[in-house]
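**Student:** Okay, here's the structure, questions in a sec.
Residue numbers (our numbering): 169 to 277.
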């Protein structure tokens with residue numbers, strides 16, 4: 169029987185792989201849906217709804233179509249690979265930002 173990635177076990181496996189690998193490649197489209205752009209990003213959290221949380225600047229998101237994104241992780245040495253698609257949104261909630269803030273983020277901002 170195949171496990172659905174939405175199951176709690178499947179989500180935990182994805183979360184564990186993402187935590188072990190660390191850096192993700194986040195791929196977005198520009199607003200014309202013509203140009204794919206990938207950038208390395210470090211996820212700070214995967215919540216119980218399978219949402220990955222990253223810090224980025226508003227300028228980085230300007231001109232991107234966030235309704236279709238891909239996030240992928242790869243660790244060839246252990247043959248661990250995860251890739252999934254979804255939607256992104258910019259969240260400027262100061263309470264959420266404070267909750268996710270770490271000293272590792274400070275040099276980037």
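Built from N, CA and C at the ideal position, the CB exists for glycine as well.
(1) In whole angstroms, give me the CA-to-CA distance for residue 245 and residue 189.
(2) Would residue 223 and residue 259 be called neighbours here (beta carbons separated by less than 8 Å)?
(3) Fully enclosed by the region 241-269, which alpha helix (DSSP H) runs are 4 residues long or longer?
(4) Smallest Cα separation from residue 234: which of 277, 265, 201 and 255?
(5) Would you report the Cα separation of residue 211 and residue 192, rounded to the nearest angstrom?
(6) Could you check where the beta strand (DSSP E) with residue 192 kicks off and where it finishes?
(7) Closest by CA to residue 215, which one among 240, 230 and 183?
**Tutor:** From the atom records:
(1) Position 77 of the chain shown, counting from 1, holds the residue named residue 245. Position 21 of the chain shown, counting from 1, holds the residue named residue 189. Looking at the two C-alpha atoms, the distance is approximately 11 Å.
(2) By one-based count along the chain shown, residue 223 stands at place 55. By one-based count along the chain shown, residue 259 stands at place 91. Their beta carbons are not under 8 Å apart, which means residue 223 does not touch residue 259 by this criterion.
(3) 262-268
(4) Mapped onto the chain shown, residue 234 falls at position 66. Checked all of 277, 265, 201 and 255; the closest Cα to residue 234 is 255.
(5) Start at 1 with the first residue of the chain shown, and residue 211 comes out as number 43. Start at 1 with the first residue of the chain shown, and residue 192 comes out as number 24. Their backbone Cα atoms lie some 7 Å apart in a straight line.
(6) Taking the chain shown and counting its residues from 1, the one referred to as residue 192 is at position 24. Start and end: 192-198.
(7) Here the question's residue 215 lines up with position 47 in the chain shown. Of 240, 230 and 183, the residue nearest in Cα terms is 183.
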